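To start, the structure under review is shown below, and the notes come after it.
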Ligand code: FAD
Ligand code: NAP
């Protein structure tokens, strides 16, 4: 099988990042995520009047939250009063595999500039329901935003999601519950039991023009660092790629921001089959334009084996990373490197599998090393 192959390792660290002499004055390069840019995002919703962000606000302002001294958009719309947006487009971006839950959709929604967000945040979606508890409308479900703040069309009026359609069928993997009357499922009429995820089906069934109820934005764990010379290691499983698409479009695609980033970004995506790979064309384009600053690698569990995987012998994100452990370890040790994980919970222990031995070989304690990474705010995890 031919997997898309990233170019040989040439991160160009020395080439792209100016070396700072010991004791030299702090770099004066423009921050990667500037306060004026966040102001602009907030101003779209009329939240920052003078364009200057206030630090450590004494009075709690509605619709913003102070994170590391900066105001970011926060819960402008609640589950009780959601924003009614509309679907601009919905596209299935995976193709069929032996799995019943093979389908993942890219959905672009219009928020009319009323739901500003920054890269790394999430929004909530309220489906009509009934949900699994019988509630109508359904309880909100959170989705990581897959677009950068300007949106895919760069108008700052759209938000994109990447959503996997939850489908569970008796006899074809795990299936405990059923919400489709027996014999009535269009795809699996003969199955004993079928469960279709309520919100994921709602989103994956949207058509252009349909209404969508949006809450949020929320989330501060996956934001980009300010330092334009920071490096990023992104670890994603499946739709966990969402925040990284948001980041990467900001770093390497959008007119307002591309060219500012001076570090390197290396993304690892784990998926079951090559038909499940997400946004491959976009990564190819970014890599062609920024060959020394961006690379990506895929771990395709259903098609590649790894003897390092003691659980099922398949290639997962962390096992792919082990193939480049020497280079990655140099990056992980660099205080300018931020590690991000999004998707399945198992990735956190996967990161430990990758680096614990190296940490210990250099005389450090892994728990302490991790604690320091967290304290330095360069270990970002959103998994469940
Ligand atoms: P549900 O209908 O809620 O079903 C979910 C599960 O509940 C099923 O496995 C079902 O078998 C089980 N169930 C059914 N009935 C019962 C019962 N009676 N008791 C117990 N269990 C039952 N997903 C994405 O696709 N893309 C994203 O970018 C994304 N981002 C996320 C970001 C965050 C921060 C979080 C927390 C989650 C994210 N998710 C994302 C997951 C998403 O929020 C939903 O959980 C997912 O889409 C499934 O929702 P659903 O309504 O379709 O499924
Ligand atoms: P998927 O396409 O099914 O891919 C998951 C991949 O990860 C498969 O290759 C799988 O291998 C592999 N894998 C399984 N266990 C693993 C482990 N312990 N460590 C590393 N890799 C492992 O993914 P998915 O179903 O979309 O799953 C993504 C999950 O992330 C979903 O539960 C989704 O709801 C969640 N999510 C969370 C956020 C967030 O918190 N912000 C955002 C987006 C998505 P096998 O084939 O061997 O199982």
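Residue numbers (the working numbering): 2 to 385.
For each residue, glycine too, the CB sits at the ideal point set by N, CA and C.
Just so we're clear, the structure is a prediction, and the values are computed from it rather than from any experiment.
Cβ-based neighbour list, residue i, same chain, cut-off 6 Å, excluding 5 preceding and 5 following
i	result
residue 122	146, 218 and 220
residue 161	109, 147, 148 and 153
residue 288	295
residue 128	139, 199, 200 and 203
residue 231	264, 337 and 339
residue 171	192, 193 and 194
residue 244	121, 145, 223 and 343
Rounded separation between residue i and residue j - CA only
i	j	result
residue 133	residue 72	36 Å
residue 294	residue 236	17 Å
residue 320	residue 355	8 Å
residue 380	residue 371	8 Å
residue 85	residue 140	16 Å
residue 227	residue 248	12 Å
residue 126	residue 80	9 Å
residue 322	residue 350	13 Å
residue 51	residue 269	Low confidence applies to residue 51: its pLDDT is 34, below 50, so where it sits in the model is not reliable, and the reading given next is rough at best. Those two C-alpha atoms are separated by around 40 Å.
residue 246	residue 77	23 Å
residue 68	residue 330	29 Å
residue 181	residue 352	39 Å
residue 64	residue 174	42 Å
residue 326	residue 215	41 Å
residue 105	residue 165	4 Å
residue 333	residue 374	9 Å
residue 144	residue 315	27 Å
residue 259	residue 367	36 Å
residue 177	residue 196	8 Å
residue 324	residue 190	44 Å
residue 185	residue 300	36 Å
residue 61	residue 239	37 Å
residue 369	residue 188	51 Å
residue 70	residue 35	12 Å
residue 54	residue 114	Confidence is the limiting factor: at residue 54 the pLDDT is only 39, short of 50, which leaves the residue's position unreliable and the question unanswerable from this model.
Check: residue i C-beta below 7 Å from any heavy atom of the ligand FAD
i	result
residue 132	yes
residue 243	yes
residue 169	yes
residue 385	yes
residue 200	yes
residue 66	no
residue 275	no
residue 149	no
residue 142	yes
residue 145	yes
residue 162	yes
residue 137	no
Residue i Cβ short of 7 Å to the ligand GDP heavy atom set
i	result
residue 118	With respect to the ligand GDP, the structure offers nothing, as its ligand set consists of the ligand FAD and the ligand NAP.
Cβ-based neighbour list, residue i, same chain, cut-off 7 Å, excluding 5 preceding and 5 following
i	result
residue 88	108, 110, 207, 208, 209, 210, 211 and 213
residue 256	155
residue 346	384 and 385
residue 357	367
Check: residue i C-beta below 7 Å from any heavy atom of the ligand NAP
i	result
residue 165	yes
residue 319	yes
residue 179	no
residue 360	no
residue 345	yes
residue 123	yes
residue 342	no
residue 302	yes
residue 348	yes
residue 364	no
residue 313	yes
Beta-carbon separation (whole angstroms), residue i vs residue j, contact threshold 8 Å
i	j	result
residue 74	residue 117	5 Å
residue 312	residue 280	Contact flag wrong, Cβ pair sits at about 27 Å.
residue 158	residue 112	6 Å
residue 150	residue 120	6 Å
residue 290	residue 253	7 Å
residue 348	residue 318	6 Å
residue 225	residue 251	7 Å
residue 168	residue 102	5 Å
residue 222	residue 360	Residue 222 to residue 360, Cβ: 23 Å. No contact.
Beta-carbon contacts of residue i that lie in its chain and below 8 Å, excluding the five residues immediately before and after
i	result
residue 377	336
residue 124	116, 118, 143, 144, 146, 160, 162, 215, 216, 217, 218 and 219
residue 136	130
Short CB-CB distance (under 8 Å) between residue i and chain D
i	result
residue 287	Looking for chain D here will not work: only one protein chain is present.
- prompt: Do the segment 96–112 and the segment 264–278 touch if we need at least three Cβ pairs shorter than 8 Å?
  reply: yes
message: I'd like to know if the segment 335–343 and the segment 231–245 are in contact, where contact means that at least 3 CB-CB pairs between them fall below 8 Å.
response: yes
message: Can you confirm whether the segment 301–311 touches the segment 191–200 when touching is taken to mean that 3 or more C-beta pairs between the two stretches lie within less than 8 Å?
response: no
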